[in-house]
Amino acid sequence: MTETFIYKTNEYIEVADTAKDALTDVTNYRHVDWDGYTIGYYGRIFEARNKTKGGSFEGDDKDFYKFKIGVQQVIPAFEEAVSGMALGGIRRIIVPPELGYPENDFNKRGPRPTTFSGQRALDFVLRNQGLIDKTLLFDIELVKIISN
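Start counting the sequence shown at 1; every next residue gets the next number (full-length UniProt numbering).
Below is the structure:
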């Protein structure tokens with residue numbers, strides 16, 4: 001059985017964290033600096049009333065998303081979330097707009113939606129200048145760590 005817990009980091013709210021060897025204390029986390037990470041993810045638009053809304057955007061199951069930390073390939077919240085994860089771990093993160101996509105364009109940094117409907121849903125929210133909440137929710141699974 002895995003355990004879940006809630007805690008706040010410097011930049012984003014951690015909703016749940018589970019792993020094969022679930023951690024019970026966040027002080028057990030360690031920063032791992034490797035050449036790259038491979039993740040599976042599922043993202044949605046998140047409303048301020050703590051519920052998801054709108055279309056989802058996710059990574060294609062056949063091609064997991066690969067990136068390296070520190071070279072601005074992914075949004076800042078992903079770098080922070082993945083850098084302390086254990087292999088096989090799953091995290092749900094809530095990403096405020098300031099840690100999301102730069103200039104409200106998902107083409108500048110990953111992860112990028114792989115489906116047309118996902119691209120359309122994310123683009124609509126990010127480019128809207130009205131009162132739409134641009135907070136995002138992601139479920140991230142760390143599939144592989146590529147060593148130096």
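For every residue, glycine included, the Cβ atom is placed at its ideal position computed from N, Cα and C. In this text, all values refer to a predicted model and were calculated from it rather than measured experimentally.
Can you tell me the Cβ-Cβ gap for Asp-139 and Ile-90, rounded? I've got them flagged as a contact below 8 Å.
If you number the sequence shown from 1, residue 139 lands on position 139. If you number the sequence shown from 1, residue 90 lands on position 90. Right, their Cβ atoms sit about 7 Å apart.
Tell me whether Val-74 sits in a helix, a strand or coil according to DSSP, three-state version.
Locating residue 74 in the sequence shown gives position 74, where the first residue counts as 1. If DSSP states are grouped into helix, strand and coil, Val-74 belongs with the strands.
How about Pro-113 and Phe-106: are their beta carbons less than 8 Å apart?
Against the sequence shown, residue 113 aligns to sequence position 113. Against the sequence shown, residue 106 aligns to sequence position 106. A contact, by the Cβ cut-off of 8 Å.
How is the alpha helix (DSSP H) around Leu-122 delimited, first residue to last?
Start at 1 with the first residue of the sequence shown, and residue 122 comes out as number 122. Start and end: 116–127.
Spatial distance of Asn-128 from Phe-64 (CA atoms):
For this step, residue 128 is matched to residue 128 along the sequence shown. For this step, residue 64 is matched to residue 64 along the sequence shown. Approximately 29 Å, taken between the alpha carbons.
Alpha carbon to alpha carbon, how far is Leu-99 from residue 198? Give it in angstroms, no decimals.
Any answer about residue 198 is impossible in this case: the structure gives the chain only from 1 up to 148.
Tell me which residues share the same chain as Arg-30 and place their Cβ nearer than 6 Å to its Cβ, disregarding the 5 neighbours each side in the sequence.
Counting from one through the sequence shown, the residue named residue 30 turns up at place 30. At Arg-30 the pLDDT is 44, less than 50, meaning the model places this residue with poor confidence and gives no usable figure here.
Beta-carbon spacing of Arg-109, Val-74 below 8 Å:
Residue mapping note: residue 109 aligns to position 109 of the sequence shown, counting from 1. Residue mapping note: residue 74 aligns to position 74 of the sequence shown, counting from 1. Yes; because the gap between Cβ atoms is below 8 Å, this pair is in contact.
Exposed unless 16 or more other CB atoms sit within 10 angstroms - verdict on Gly-118:
Here residue 118 refers to the residue found at position 118 when the sequence shown is read from its first residue. Buried, because 16 or more other Cβ atoms sit within 10 Å of the Cβ of Gly-118.
Could you compute how far the alpha carbon of Lys-66 sits from the alpha carbon of Ile-146?
Here residue 66 corresponds to residue number 66 of the sequence shown, with the count starting at 1. Here residue 146 corresponds to residue number 146 of the sequence shown, with the count starting at 1. In a straight line, the C-alpha of Lys-66 is about 10 Å away from that of Ile-146.
Same chain only: Cβ atoms within 7 Å of Ile-132, ignoring 5 sequence neighbours per side:
Reading the sequence shown from its first residue, position 132 is the one you call residue 132. Same-chain partners within the cutoff: Val-125.
Report the option in Pro-96, Pro-102, Glu-103 and Phe-116 whose CA atom is closest to the CA atom of Leu-137.
Along the sequence shown, read from residue 1 onward, the residue named residue 137 stands at position 137. Minimum Cα-Cα distance from Leu-137 among the listed residues Pro-96, Pro-102, Glu-103 and Phe-116 corresponds to Pro-96.
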